[in-house]
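K.L.:
Chains as they are written, first to last, in the numbering used here: chain L, 1 to 302; chain F, 303 to 691. Where is the CB? At the ideal position from N, CA and C, for every residue including glycine. Take this structure, written in structure tokens, and hold onto it; I'll ask about it next.
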């Protein structure tokens with residue numbers, strides 16, 4: 001592999017074929033030349049990269065439990081400040097926390113909120129594969145409406161998840177942090193630019209990165225980039241950033257594709273194309289349109 | 303030996319005394335989150351920071367789970383990192399406690415022990431610390447405010463020497479909120495005693511990047527746990543050595559357990575924590591009237607000094623073990639460990655009784671302790687747990 005790509009995160013990890021998580025990690029780590037320390041929530045990234053006695057991490061790394069990546073990062077931040085003050089640390093590192101959507105939207109939300117509110121100097125990166133994929137595909141607060149999951153399965157009385165996903169970007173924004181952005185593994189140059197911005201922002205910053213999961217979304221391993229692109233081209237996952245409260249949409253799609261184009265690529269939405277569930281697709285399209293309008297308004301106003 | 307001329311005597315509550323010890327120990331990072339009856343420790347420390355008396359970075363976390371998580375991050379980054387908690391707080395962070403011991407982080411958490419809900423009760427009891435007794439933390443119990451102060455200083459040195467976390471414990475309210483006369487060591491003496499933390503591996507060692515918190519499968523996990531057990535066994539020797547060093551700077555002698563009139567005793571109470579003081583008064587009074595009674599107050603509960611306690615108890619005819627915790631559907635924890643101590647130290651089957659006292663802050667008076675000694679004397683001993691309600 002390219003030596004530059006594996007400088008901080010080696011090849012030979014155990015993520016699934018067709019998983020985009022390593023690309024997200026390498027892009028974020030590659031966005032700075034400074035030292036970094038990684039704090040990682042329990043999840044796909046953690047279990048596939050730290051199987052003792054091996055490790056994929058060529059930078060200092062810590063995994064503690066599922067819900068505390070942000071709180072762990074907060075402690076590292078406090079330690080660096082203290083050690084710098086007492087002359088024991090010359091150049092503090094950039095602190096980057098990685099968590100999946102389970103570890104961020106759900107079990108780690110309180111710890112994330114606390115760390116953002118206290119203003120710790122760190123970047124939190126959520127790779128969002130829209131469910132608990134490491135445990136086999138259960139629904140999370142990030143799972144979209146209508147998706148088939150292990151804990152909100154499709155059945156004669158169910159079309160899958162009946163709730164909308166949580167708007168994590170707005171939740172994080174409400175903490176008044178200086179920089180946050182929504183990105184997509186299918187657009188790595190955009191992700192790199194955002195990671196650079198985030199890492200150069202003093203205090204907390206946040207990146208929400210879409211990560212299509214070949215296993216649980218159910219699509220061929222060659223397709224994660226194509227499906228990631230469709231998520232953005234349908235406005236299901238617009239790319240945008242919020243800098244000092246100002247919204248910027250990074251890629252205004254002139255003619256958004258119908259949501260079916262995205263849904264039909266994945267086994268988790270297969271049931272929606274049955275006659276009785278077509279209303280659900282309409283509902284999803286409606287929500288996509290409404291959400292994008294809201295975002296567009298915010299971008300204009302701010 | 304201590305310099306008797308320069309004794310620094312103060313009247314302090316347990317909470318303030320522990321904060322005072324932390325001021326002198328000078329941790330790099332302290333995570334703070336309120337919970338009664340621990341709050342006096344962290345708010346006293348926070349005021350010290352506000353007054354410029356301490357340098358530590360204080361992390362005002364949003365929960366106990368994050369308190370220990372931030373402490374883990376800070377300790378792994380090479381800092382001397384500490385926190386404090388009680389009761390529900392300890393159970394809320396319980397998920398992270400075996401992570402601390404599993405990673406070998408020398409974190410010290412000061413505990414004011416308290417009952418667990420439901421029903422809600424904020425008062426002293428050992429139910430909280432008993433619930434986390436098997437998670438690889440050293441647990442040391444204080445009888446009075448002086449111990450709470452001294453234990454904190456000993457705890458940080460012990461943790462950093464063995465590479466394991468330590469929980470110095472005082473009884474909530476009975477010790478944490480009671481003002482007692484204690485002797486404070488000189489700042490410089492404490493500073494020299496605890497020294498600097500010697501860091502083996504850290505997140506801030508960029509030349510040698512370390513992965514903390516790996517995934518260990520069936521082929522390696524077991525060995526990790528056996529290594530932790532070796533550390534716990536090492537803790538006893540290290541504690542003895544550090545207590546010896548502490549005696550030299552303070553004149554105060556601590557051991558894994560305290561023996562009070564055991565030598566010729568025929569009836570003995572085994573206890574832990576604040577009520578040991580009350581029991582000593584009862585022993586004194588009964589001794590005055592010629593009764594051969596004694597007390598064993600356990601200081602180090604984890605690792606448990608089975609052989610050492612067994613050796614001193616094996617000749618005692620009648621023993622009552624007093625637990626300030628209930629173990630539903632089982633014998634209480636200290637009793638279980640005393641049974642194990644005796645079983646392995648002697649072929650003799652002693653007369654052994656189990657009592658539970660002081661739940662939810664219920665006062666345990668001298669008359670209650672007298673009643674236990676009377677039961678022993680009268681042969682009122684059976685295999686049923688008795689309750690000093």
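#1: Please look up how many angstroms separate the CB atoms of residue 679/F and residue 591/F, rounded, as I've assumed it's under 8 Å.
#2: Using the beta-carbon of each residue, which ones in chain F are nearer than 7 Å to residue 52/L?
#3: Identify the residues that DSSP records as bridge partners of residue 40/L: which are they?
#4: Could you give the residue range of the beta strand (DSSP E) that holds residue 412/F?
#5: Pair every Cβ in the segment 614 to 623 of chain F with every Cβ in the segment 654 to 663 of chain F, then say whether three or more of these pairs are closer than 8 Å.
#6: List the residues of chain F whose Cβ lies closer than 8 Å to the Cβ of residue 37/L, in chain order.
#7: Pick helix, strand or coil for residue 659/F, following the three-state DSSP scheme.
#8: Using the beta-carbon of each residue, which ones in chain F are nearer than 8 Å to residue 114/L?
#9: Name, please, each residue of chain F whose Cβ falls closer than 7 Å to the Cβ of residue 81/L.
#10: Name the chain L residues whose beta carbon is nearer than 7 Å to that of residue 397/F?
#11: When burial is assigned at 16 or more other CB atoms within 10 Å of the CB, is residue 222/L buried or exposed?
#12: Short check: CB of residue 129/L to CB of residue 182/L, under 8 Å?
#13: Check whether the segment 125 to 140 of chain L touches the segment 149 to 158 of chain L, counting contact only when three or more Cβ pairs, one atom from each stretch, lie closer than 8 Å.
#14: Can you find a C-beta in chain L that's less than 8 Å from the C-beta of residue 331/F?
#15: Which runs of the beta strand (DSSP E) spanning at least 3 residues fall entirely within the segment 127 to 210 of chain L, listed in chain order?
#16: Would you mind sorting residue 49/L into buried or exposed? The rule is 16 or more other CB atoms within 10 Å of its CB.
#17: I'd like to know if residue 57/L contacts chain F, where contact means its C-beta is closer than 8 Å to some C-beta of that chain.
#18: Is the separation between the beta-carbon of residue 317/F and that of residue 388/F shorter than 8 Å?
#19: For residue 306/L, return the contacting residues in chain F, with the cut-off set at a CB-CB distance below 9 Å.
#20: Applying the criterion that 16 or more other CB atoms from any shown protein chain within 10 Å of the CB defines a buried residue, is residue 94/L buried or exposed?
#21: Does the CB of residue 613/F have a neighbour CB from chain L at under 8 Å?
#22: Residues of chain L with a CB under 9 Å from the CB of residue 387/F: which are they?
#23: Going by Cα to Cα distance, which pick from 60/L, 47/L, 194/L and 184/L is closest to residue 236/L?
#24: Between residue 364/F and residue 645/F, what straight-line distance do the alpha-carbon atoms span, to the nearest angstrom?
#25: Are the segment 351 to 367 of chain F and the segment 482 to 500 of chain F touching, with three or more C-beta to C-beta distances below 8 Å?
#26: Once DSSP output is grouped into helix, strand and coil, what is the label at residue 511/F?
#27: Name the two residues that bound the continuous beta strand (DSSP E) containing residue 562/F.
#28: Does any CB atom of chain L fall closer than 8 Å to the CB of residue 374/F?
#29: Using only CA atoms, which one of 374/F, 648/F and 635/F lies nearest to residue 729/F?
#30: When DSSP labels each residue in this structure, what does residue 599/F get in the three-state scheme?
#31: Name the chain B residues that come within less than 9 Å of residue 118/L, Cβ to Cβ?
#32: Give the DSSP-derived three-state secondary structure of residue 121/L in the structure shown.
#33: Can you find a CB in chain F that lies within less than 8 Å of the CB of residue 11/L?
#34: For residue 439/F, which of helix, strand or coil comes out of DSSP?
#35: Since residue 627/F contacts residue 429/F with CB under 8 Å, what's their CB separation in whole angstroms?
#36: Apart from the five residues on each side of it in sequence, which residues of its chain come closer than 6 Å, Cβ to Cβ, to residue 509/F?
P.N.:
Put simply:
#1: Incorrect: roughly 12 Å between the Cβ atoms, too far for contact.
#2: The answer, in chain order, is 516, 517, 518 and 522.
#3: Under DSSP, residue 40/L takes part in a beta bridge, and its partners are 63/L and 98/L.
#4: 410 to 415
#5: yes
#6: 379, 505 and 506
#7: strand
#8: 363, 364, 365 and 368
#9: Those are 359, listed as they occur along chain F.
#10: 65
#11: Exposed, because fewer than 16 other Cβ atoms sit within 10 Å of the Cβ of residue 222/L.
#12: no
#13: yes
#14: Taking Cβ atoms only, chain L reaches closer than 8 Å to residue 331/F, which makes this a yes.
#15: Fully enclosed beta strand (DSSP E) runs of no fewer than 3 residues occupy 179 to 184 and 205 to 210 of the segment 127 to 210 of chain L, in order along the chain.
#16: buried
#17: yes
#18: No, the pair does not count as a contact, with Cβ atoms beyond the cut-off.
#19: The displayed coordinates of chain L run from 1 to 302. Any statement about residue 306/L would go beyond what the structure contains.
#20: Counting the other Cβ atoms within 10 Å of the Cβ of residue 94/L gives 16 or more, which makes it buried.
#21: no
#22: Ordered by position in chain L, no residue passes the 9 Å Cβ test against residue 387/F, which lies about 14 Å from the chain.
#23: 184/L
#24: 46 Å
#25: no
#26: coil
#27: 559 to 562
#28: yes
#29: Limits of chain F in this structure are 303 at one end and 691 at the other, which puts residue 729/F out of reach.
#30: strand
#31: This model lacks chain B altogether; the protein chains it does include are L and F.
#32: coil
#33: Taking Cβ atoms only, chain F never reaches closer than 8 Å to residue 11/L, which makes this a no.
#34: coil
#35: 5 Å
#36: none
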